[in-house]
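Chains as they are written, first to last, in my numbering: chain A, 1 to 199; chain B, 1 to 199. Even glycine gets a Cβ: it sits at the ideal position worked out from N, Cα and C. Treat the numbers as computed from the prediction; the structure is a model and nothing was measured.
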DNA sequence: CCAATTACGAAACTTGAGTTGCGCAATTGG
DNA sequence: CCAATTGCGCAACTCAAGTTTCGTAATTGG
């Protein structure tokens, strides 16, 4: 039971996303022109707008593909698992950061994504939805470590994950500092071991 | 020794920023129209563009005023001081968040600021500069607490501050969760005490 | 006073996002 | 086969950001 009228040309989606991705990486978000994408893809603008109602939606569709699917590993050692996880998030952020067009310590496309989520209700919902899924996985990982006695019983798992993921986003978007595996290790150590003098 | 030619009308800056702020709060960033600001302020568009080269620059000038000057207090108790500090940052974020025009868990103007910093080299530099100043103050506060023995000697102060500030920004921009004093207390507790089981 | 310099206002202009209307193509259900 | 439905291309359109040109106003330095 296919839908009623003329079916959409599925090749269009693929071709447009590829061309849009090339433009974003080459010239940045501002250099992405709907008219140019349509022309290069050999389709009318109306065909684009039927699929992505705004330029923001198209850009989000392109950049969202850059995020890894966050396959999580549970080795039984929470420190190793968290470092791996942070490293994967960092890799996704670095890919998006590269899609800025500019050089230097710029947030690249990450900032545009956040702005797009703030501008459009539906993009915001989608973004938060993806976060919730990732958060659920991470909280389960932390909870298992807590149950088996690696982590303290009165742990605030939400605050812990906010600290870890937040530090990565903060560096990419605000301070422009690098996020790599070495930083992920520092971060996890700091969060796990705490900052108080030995007690 | 005044500059050479006709001096700028200083009343213009004040009036324009007031009108722009009203528009941003009323209709959000997208609802801020340069033409309308110029008309309401009774000046030509060229006069606006002489002061703020893009709409982003004008918006940043407006929103940057919302950040508190972060007067930091040093009571000698690092937990109290950090909670106070996080609460002040959170207050600034909440003010910016309110300047979004939309309802719900939106990042509001915060996302637009990050995007503006990614789009314009000079805005990015200014943003990072403000961060560096704030960071310097916070790191000094942490360092004093470390020296007097409140905090562990091998502390990673940079990671600690990234965790704290990052968690706030992360909630505002990504998850849409609230940031208030209660959360600041949870956050500081979690970061200070760590997550490992008693060791 | 005069020349150089900078600010201002007004209007026309360019560019790109997003919309609209129309004719035609492809598909389903009867 | 026929009507309803949906996709597509084309072209003209609206709207707002940002630019350009030009005539005029205010200021400094000589």
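Extent of the continuous alpha helix (DSSP H) to which residue i belongs
i                      : result
residue 189 of chain A : 181-193
residue 11 of chain A  : 10-27
residue 123 of chain A : 121-147
residue 39 of chain B  : 34-41
residue 59 of chain A  : 55-64
residue 83 of chain B  : 78-98
residue 67 of chain B  : Note, residue 67 of chain B: premise wrong, no alpha helix (DSSP H); not H, not E.
residue 166 of chain B : 157-170
residue 196 of chain A : That residue, residue 196 of chain A, is in no alpha helix (DSSP H); it is neither H nor E in DSSP.
residue 51 of chain B  : 45-51
Any C-beta of chain A under 9 Å from that of residue i
i                      : result
residue 135 of chain B : yes
residue 176 of chain B : yes
residue 92 of chain B  : no
residue 86 of chain B  : no
residue 162 of chain B : yes
residue 33 of chain B  : no
residue 206 of chain B : Outside the displayed span of chain B (1 to 199) sits residue 206 of chain B, for which this structure offers no information.
residue 18 of chain B  : no
residue 151 of chain B : yes
Residue-level contact to chain B via CB, residue i, 9 Å cutoff
i                      : result
residue 189 of chain A : yes
residue 155 of chain A : yes
residue 26 of chain A  : no
residue 143 of chain A : no
residue 127 of chain A : yes
residue 192 of chain A : yes
residue 169 of chain A : yes
residue 76 of chain A  : no
residue 49 of chain A  : no
residue 95 of chain A  : no
residue 21 of chain A  : no
residue 64 of chain A  : no
residue 181 of chain A : no
residue 5 of chain A   : no
residue 1 of chain A   : no
residue 139 of chain A : no
With 16 other Cβ atoms within 10 Å as the buried cut-off, status of residue i
i                      : result
residue 50 of chain B  : exposed
residue 149 of chain A : exposed
residue 140 of chain B : exposed
residue 80 of chain A  : exposed
residue 1 of chain A   : exposed
residue 127 of chain B : buried
residue 143 of chain B : exposed
residue 162 of chain B : buried
residue 16 of chain B  : buried
residue 6 of chain A   : exposed
residue 20 of chain A  : buried
residue 146 of chain B : buried
residue 165 of chain B : buried
residue 112 of chain B : buried
Identity of the residue in the options nearest residue i by Cα
i                      : options                    : result
residue 35 of chain B  : B/28, B/26, B/46           : B/46
residue 123 of chain B : A/75, A/44, A/106          : A/106
residue 193 of chain A : B/161, B/185, B/175, B/155 : B/155
residue 18 of chain A  : A/186, A/32, A/191         : A/32
residue 42 of chain B  : B/12, B/70, B/30, B/56     : B/12
residue 110 of chain A : B/151, B/170, B/16         : B/170
residue 179 of chain A : A/159, A/94, A/198         : A/94
residue 67 of chain A  : A/56, A/54, A/89           : A/89
residue 56 of chain A  : A/76, A/39, A/29           : A/29
residue 119 of chain B : A/160, A/24, A/48          : A/24
residue 181 of chain A : A/87, A/14, A/147, A/21    : A/87
residue 157 of chain B : A/165, A/183, A/3          : A/183
residue 121 of chain B : B/198, B/76, B/74, B/54    : B/54
residue 197 of chain A : B/8, B/197, B/198, B/153   : B/153
residue 104 of chain B : B/3, B/177, B/8, B/10      : B/177
residue 10 of chain A  : A/48, A/26, A/74           : A/48
Short Cβ contact (9 Å threshold) for residue i with residue j
i                      : j                      : result
residue 97 of chain B  : residue 172 of chain B : yes
residue 37 of chain B  : residue 58 of chain B  : yes
residue 211 of chain B : residue 137 of chain B : The structure shown does not extend to residue 211 of chain B, since chain B is modelled only from 1 to 199, so the question has no answer here.
residue 52 of chain B  : residue 61 of chain B  : yes
residue 114 of chain B : residue 115 of chain A : yes
residue 99 of chain A  : residue 92 of chain A  : no
residue 151 of chain B : residue 190 of chain A : no
residue 125 of chain A : residue 70 of chain A  : no
residue 175 of chain A : residue 131 of chain B : yes
residue 159 of chain A : residue 186 of chain B : yes
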